[in-house]
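Enquirer:
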Amino acid sequence: QAQLVESGGGLVQAGGSLRLSCVASRSIFSSNSIGWYRQAPGKQRELVAVWGSGGRSTNYADSVKGRFTISRDNAKNTVYLQMNSLKVEDTAVYYCNAGGWTGIWGQGTQVTVSS
11 QAQLVESGGG
21 LVQAGGSLRL
31 SCVASRSIFS
41 SNSIGWYRQA
51 PGKQRELVAV
61 WGSGGRSTNY
71 ADSVKGRFTI
81 SRDNAKNTVY
91 LQMNSLKVED
101 TAVYYCNAGG
111 WTGIWGQGTQ
121 VTVSS
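Here the working numbering is used: position 107 in the sequence shown is 117, and no number is missing along the way.
What follows is the structure, given as structure tokens:
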């Protein structure tokens with residue numbers, strides 16, 4: 011049984027918006043940092059936005075500040091990534107993650123931004 015299930019990727023034009031969702035099991039959601047990473051073709055995986063453990067703080071990559079917003083619904087064990095003003099360089103596979111680099115990963119969802 012998958013512990014992190016992502017949805018919401020797709021194809022969008024530059025300047026458009028997408029919202030990603032990640033549903034986690036309750037134990038994972040409540041006890042770990044949780045958020046989003048991405049990996050573009052030929053590049054290393056990088057942090058995009060994450061909630062710290064306990065859900066009291068967030069951290070964003072500089073490249074997405076002001077455009078992306080991470081949020082969470084504790085009742086649904088779900089974390090969201092609202093992506094606005096998308097750029098071609100945002101094209102990547104986006105992964106939900108719990109527990110940091112050595113933690114648990116979702117299967118990934120493709121986001122493609124066309125010019």
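Ideal Cβ positions, reconstructed from N, Cα and C, are used throughout, including at glycine.
(1) Going along the chain, which residues of its own chain have a beta-carbon closer than 8 Å to the beta-carbon of S63, five neighbours each way excluded?
(2) Which of helix, strand or coil does DSSP assign to R29?
(3) Count the C-beta pairs between the stretch 92-108 and the stretch 11-20 that are closer than 8 Å, then say yes if the count reaches three, no if not.
(4) Tell me whether E99, by its Cβ, gets closer than 7 Å to a heavy atom of the ligand PLP.
(5) Using the three-state DSSP reduction, which class does V135 fall into: helix, strand or coil?
(6) Given a threshold of 16 other Cβ atoms within 10 Å of its Cβ, counted over all protein chains shown, does W111 qualify as buried or as exposed?
(7) Give me whichever residues DSSP pairs with T68 in a beta bridge.
(8) Using only alpha-carbon positions, find the residue among S73, Q49, R66 that is nearest to S81.
(9) Check whether the Cβ atoms of V89 and W61 sit closer than 8 Å, and answer yes or no.
Expert: With the given structure in hand:
(1) S41, N42, S43
(2) Residue state, collapsed to three classes: strand.
(3) yes
(4) Of the ligands one can find in the structure shown there are none, so the ligand PLP has no counterpart to examine.
(5) For the chain, the structure presents residues 11 to 125; residue 135 sits outside this window and is missing.
(6) exposed
(7) W61
(8) R66
(9) yes
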